[in-house]
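See structure below.
The following block contains the structure:
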């Protein structure tokens, strides 16, 4: 924290993270965030629609990378493997942010409104993944099932990674979770 | 719609469904709902915390039934099969409501706030399912993966069922989706 960030978006994001951590989400206004970032509130609203959205820049970046990864996956790969490859690229992005995603996760977990927005973003990601699988030739219904499953695995992997700061890197946790999915699905019936 | 419902909760739920369908979610107040139900707004807030919650009674009933189903599943059943059994009981409950869940889904789909609350309820369901799997002897991490996956399959099945009013019953759609999960997971790597 406190590291100089050159761009307005980055400064607003960093200021919001600091203030949400210091004073909580309810105790922080967009005016506070803008002031801490050395910018006007008007500038805040040029970049973000509301008080929540400033925390979800990384989610949008994640989605772009995941979709690119799926588009670039081996055309012969099974749909779940293509989804796993894209989500693996996303996991590598989050890993590259160091402890940032863990701090952010703590802020999100502490407020119902933020948790709901996070879930909505993950639902949007799953829909986008499904759309990309359809573009690769999957049937629509099957693409939805694969995408929702893959994003559920990603969320579980992310939660495990957040909970274990001394554990393996996120891409490795994710790969282990996909392996576990295959095992869990093969058991029983 | 318009069918007489004996209890206050049921009348409030029905009034809300009618008004949200007629005037939209934003165009309806809790006072409107209470009036249509022939009750006071105070009574509304004795039953529901806010304007959204009236639409989520069935979700709470669903969760109770799903958890009971998992608790009552064959102790020797694999975790995913136990989760599928519980969710199958939940699917049978929703099926017994006829077209009600489809009308409700249309109301929820039309408003971001309601979609977010629905996602939060499904996240709570997944956590509760994981807790029940742990109670049956699963390790915590593996229970989370199984539960999130199973609830993702349930959501996909529910969406398919909503989209196809002339198609098979929800428990059958759900069973087909679980079969598809096994197939999707077995393909590829």
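Protein chains in written order, with UniProt numbering: chain A, 1 to 189; chain B, 1 to 189. C-beta: ideal position from N, C-alpha, C; glycine also. Everything numeric in this text was worked out from a predicted model, so none of it was measured.
In chain order, 116, 119, 120 and 123 make up the part of chain A whose C-beta sits under 7 Å from the C-beta of residue 119 of chain B.
The DSSP assignment places complete alpha helix (DSSP H) segments of no fewer than 4 residues inside the UniProt DNA-binding region "H-T-H motif" (29–48) of chain A at 30–37 and 41–47, in order along the chain. Close to chain B, meaning a Cβ-Cβ distance shorter than 9 Å, is no residue of the UniProt domain "HTH tetR-type" (6–66) of chain A at all.
Around the CB of residue 45 of chain B, fewer than 16 other CB atoms lie within 10 Å, so the residue is classed as exposed. A Cβ of chain B is located within less than 8 Å of the beta carbon of residue 152 of chain A. Taking C-beta atoms under 8 Å as the contact rule, residue 123 of chain A and residue 119 of chain B qualify, at a distance of about 6 Å.
For residue 25 of chain B, the three-state secondary structure derived from DSSP is coil. By the C-beta criterion, the region 178–189 of chain B is judged not to be in contact with the region 99–111 of chain B, since fewer than 3 inter-stretch pairs fall below 8 Å. The Cβ atoms of residue 173 of chain A and residue 160 of chain A sit closer than 8 Å to each other. For residue 109 of chain B, no CB of chain A lies under 8 Å from its own CB, so it is not counted at the interface with that chain. Contact residues of the region 136–160 of chain A toward chain B are 141, 142, 144, 145, 146, 148, 149, 151, 152, 153, 155, 156, 159 and 160 (C-beta to C-beta distance below 8 Å).
In the three-state reduction of the DSSP assignment, residue 138 of chain A falls in the coil class, being assigned neither a helical nor a strand state.
With contacts defined as CB atoms closer than 8 Å, residue 148 of chain A and residue 126 of chain A qualify as a contacting pair. For residue 99 of chain B, there is no enclosing alpha helix (DSSP H), as DSSP marks it with neither H nor E.
Against residue 73 of chain A, chain B offers no close residue; the least beta-carbon distance is about 11 Å (beta-carbon pairs closer than 7 Å). The criterion of a C-beta distance shorter than 8 Å is not satisfied by residue 128 of chain A and residue 170 of chain A. Around the beta carbon of residue 22 of chain B, fewer than 16 other beta carbons lie within 10 angstroms, which makes this residue exposed. Against chain B, the beta carbon of residue 101 of chain A has no neighbour under 8 Å; the closest one sits roughly 18 Å away.
The three-state reading of DSSP puts residue 164 of chain B in coil, since its state is none of H, G, I, E or B. Collapsing the DSSP output to three states places residue 52 of chain A in coil. Separation of the CB atoms of residue 117 of chain A and residue 52 of chain A is rounded to 5 Å, and the pair is thereby assigned contact status at 8 Å. For residue 172 of chain A, the enclosing alpha helix (DSSP H) covers residues 170–186. Between residue 102 of chain A and residue 57 of chain A, the C-beta gap is not smaller than 8 Å, which leaves the two residues out of contact. The Cβ atoms of residue 80 of chain B and residue 185 of chain A sit closer than 8 Å to each other. The beta carbon of residue 80 of chain A falls within 8 Å of a beta carbon belonging to chain B, placing the residue at that interface. Contact between residue 83 of chain B and residue 70 of chain B holds, since their C-beta atoms are separated by about 6 Å, short of 8 Å. The C-beta distance from residue 177 of chain A to residue 145 of chain B rounds to 6 Å, short enough to fall under 8 Å. A straight-line Cα-Cα distance of about 21 Å links residue 142 of chain A and residue 88 of chain A.
Bounds of the alpha helix (DSSP H) holding residue 68 of chain A are 57–71.
Scanning B:138, B:93 and B:104 for the CA closest to the CA of residue 75 of chain B turns up B:138. Separation of residue 135 of chain B and residue 72 of chain B (C-alpha to C-alpha, rounded to the nearest whole angstrom) is 12 Å. Under the three-state reduction of DSSP output, residue 111 of chain B falls in the coil class, being neither helix nor strand.
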